[in-house]
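Taking this note's numbering, the leading residue of the sequence shown gets 94, the next gets one more, and so forth. In what follows, a structure is listed as structure tokens, so that the remarks can point back to it.
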Amino acid sequence: MSLARLGFLVGLAVLLCGADAGAAPGAVAQAKDRNILLMKNGGVILAHTGQYDKEFPVNAMIEGNLLNYWASGKPGPKGWTPQSFVIELDREYELSRLAVDNREIDEKAYPGVSAHKLRFSASTESSQSGWQPVSLMEAAQFGRKEKILDKPVRARWLKIEILSNYGNKSYTEINELEAYGKPVGDEPHYIDPNGVYRTNYQLLKLQVDGSRVTGCYELDKGYVHGTTNGRVFDIEWIEHKGEERGRALLVLSSGGVSMVCGITKAS
Numbered sequence: 094m095s096l097a098r099l100g101f102l103v104g105l106a107v108l109l110c111g112a113d114a115g116a117a118p119g120a121v122a123q124a125k126d127r128n129i130l131l132m133k134n135g136g137v138i139l140a141h142t143g144q145y146d147k148e149f150p151v152n153a154m155i156e157g158n159l160l161n162y163w164a165s166g167k168p169g170p171k172g173w174t175p176q177s178f179v180i181e182l183d184r185e186y187e188l189s190r191l192a193v194d195n196r197e198i199d200e201k202a203y204p205g206v207s208a209h210k211l212r213f214s215a216s217t218e219s220s221q222s223g224w225q226p227v228s229l230m231e232a233a234q235f236g237r238k239e240k241i242l243d244k245p246v247r248a249r250w251l252k253i254e255i256l257s258n259y260g261n262k263s264y265t266e267i268n269e270l271e272a273y274g275k276p277v278g279d280e281p282h283y284i285d286p287n288g289v290y291r292t293n294y295q296l297l298k299l300q301v302d303g304s305r306v307t308g309c310y311e312l313d314k315g316y317v318h319g320t321t322n323g324r325v326f327d328i329e330w331i332e333h334k335g336e337e338r339g340r341a342l343l344v345l346s347s348g349g350v351s352m353v354c355g356i357t358k359a360s
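And the structure:
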């Protein structure tokens with residue numbers, strides 16, 4: 094199954110990725126606590142300036158697998174340009190640490206492609222306004238760099254801006270973005286995920302009963318089943334009378350824009 098095969102669309106926006114969930118999750122977790130940016134923990138990228146193609150998607154940065162990484166889109170006529178991302182967390186947090194991992198990107202073929210200077214901003218207001226500065230930091234060219242904040246910063250949304258790389262005139266790459274902190278405020282209330290979703294491969298119907306999710310989609314008479322906490326859906330897709338199957342991770346944002354990542358096909 095191709096990546097776009099289950100590119101879910103709610104409302105008017107589609108965010109796709111090509112990350113492979115076959116490798117062990119949590120491969121980059123050097124810290125003992127929970128990386129709240131990971132898709133499996135409810136992180137979702139709402140907006141970004143671009144990606145090279147589906148083989149190097151933005152979602153690779155919040156997948157937790159160093160085998161995959163994000164690469165910026167093809168440069169314009171003036172060459173390299175700054176990049177940015179907006180990530181929604183599953184709830185509000187007091188951030189205490191940030192990290193950028195550049196250990197396994199393609200520095201050999203594209204010297205200086207590692208992200209270098211980054212600016213982090215946070216908002217508790219919305220994904221488009223209320224931004225407050227959090228930190229400026231320099232990522233490592235061949236490693237993972239972590240920064241402890243001077244004081245905790247509240248955030249429901251994070252904006253990450255890449256201000257420079259290590260000299261490549263065309264592209265920038267990142268393995269993983271990480272953030273750590275403690276949840277604050279009330280437990281999140283997720284939107285009702287039951288209903289029919291319009292996708293780029295016809296309609297998908299999801300039905301949620303507690304933590305159990307089932308559904309079907311029109312193309313190839315496929316169906317899905319799995320578990321959910323109301324925001325993160327860990328599902329198996331099956332089609333062609335069981336001859337083709339695989340797994341997918343779906344995260345539903347607070348605004349109803351869903352995103353698929355980690356689609357794998359069974360051998």
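Think of the CB as a built atom: it goes at the ideal place given N, C-alpha and C, for glycine as much as any other residue. Just so you know, these numbers come straight off a predicted model, no measurement behind them.
Kindly indicate which three-state DSSP category G335 falls into: helix, strand or coil? Taking the first residue of the sequence shown as 1, we reach residue 335 at position 242. Note: G335 maps to helix in three-state DSSP.
Just list the beta strand (DSSP E) runs in the stretch 227-257, keeping only unbroken ones of 3 residues or longer that don't cross its boundaries, in chain order. 237-255
Which full runs of the beta strand (DSSP E) of 3+ residues lie inside the stretch 137-176, going along the chain? 137-141
Helix, strand or coil: which one does DSSP assign to D313? Residue 313 sits at position 220 when you count from the first residue of the sequence shown. Looking at D313 - three-state DSSP - the assignment turns out to be helix.
Between which two residues does the beta strand (DSSP E) harbouring R291 extend? To locate residue 291, count along the sequence shown from 1; it is residue 198. Unbroken beta strand (DSSP E) run through R291: 288-292.
For the stretch 163-172 against the stretch 256-275, are there 3 or more C-beta pairs whose distance is under 8 Å? yes
For E185, which residues does DSSP report across the bridge? Here residue 185 corresponds to residue number 92 of the sequence shown, with the count starting at 1. Per DSSP, none; premise fails for E185.
Using the rule of at least 16 other Cβ atoms within 10 Å of the residue's Cβ for burial, across every protein chain shown, is F235 buried or exposed? As a working note, residue 235 is residue 142 in the sequence shown. With fewer than 16 other Cβ atoms within 10 Å, it is exposed.
For K262, three-class secondary structure by DSSP: Position 169 of the sequence shown, counted from the first residue, corresponds to residue 262. Reduced to three states, the DSSP call for K262 is coil.
Using only the alpha-carbon positions, how far apart do L160 and S207 sit? For the purposes of this step, residue 160 is taken as residue 67 along the sequence shown, with counting starting at 1. For the purposes of this step, residue 207 is taken as residue 114 along the sequence shown, with counting starting at 1. Each residue's Cα considered, the two are about 15 Å apart.
Name the DSSP bridge partner or partners of Y363? Residue 363 lies beyond the residue range present for the chain, which begins at 94 and ends at 360; the question has no answer from this structure.
Opening and closing residue of the beta strand (DSSP E) in which S216 lies: Against the sequence shown, residue 216 aligns to sequence position 123. Per DSSP, S216 belongs to the beta strand (DSSP E) from 210-216.
Does DSSP put K133 in a helix, in a strand, or in coil? Counting from 1 along the sequence shown, the entry for residue 133 is found at position 40. Helix.
Between which two residues does the beta strand (DSSP E) containing D126 stretch? For this step, residue 126 is matched to residue 33 along the sequence shown. Careful: D126 lies outside any beta strand (DSSP E) and carries neither H nor E.
On a CA-only basis, which of G335, H282, A164 is nearest T174? Give me that one, please. Residue numbering aside, residue 174 sits at position 81 when the sequence shown is read from its first letter. Cα-wise, what sits closest to T174 is A164.
Given a threshold of 16 other Cβ atoms within 10 Å of its Cβ, counted over all protein chains shown, does A232 qualify as buried or as exposed? One-based indexing of the sequence shown puts residue 232 at position 139. By the neighbour-count criterion, in which a residue is buried when 16 or more other Cβ atoms sit within 10 angstroms of its Cβ, A232 is buried.
Which same chain residues, not among the five before or five after Y259, have their C-beta less than 6 Å away from its C-beta? For the purposes of this step, residue 259 is taken as residue 166 along the sequence shown, with counting starting at 1. The residues are G205, S207, H209, Q234.
Between the C-alpha atoms of S257 and V277, what's the straight-line distance to the nearest angstrom? For this step, residue 257 is matched to residue 164 along the sequence shown. For this step, residue 277 is matched to residue 184 along the sequence shown. Cα to Cα, the separation comes out at about 33 Å.
Give me whichever residues DSSP pairs with W330 in a beta bridge. Within the sequence shown, residue 330 is the residue found at index 237, counting from 1. Under DSSP, W330 takes part in a beta bridge, and its partners are V317, G339.
For Y302, report the span of its beta strand (DSSP E) as first-last. Here residue 302 refers to the residue found at position 209 of the sequence shown. Note that residue 302 is Asp in the sequence shown, not Tyr. First-last of the beta strand (DSSP E) with D302: 295-302.
For G348, write down the residues that DSSP places opposite it in a beta bridge. Against the sequence shown, residue 348 aligns to sequence position 255. According to DSSP, G348 bridges with nothing at all.
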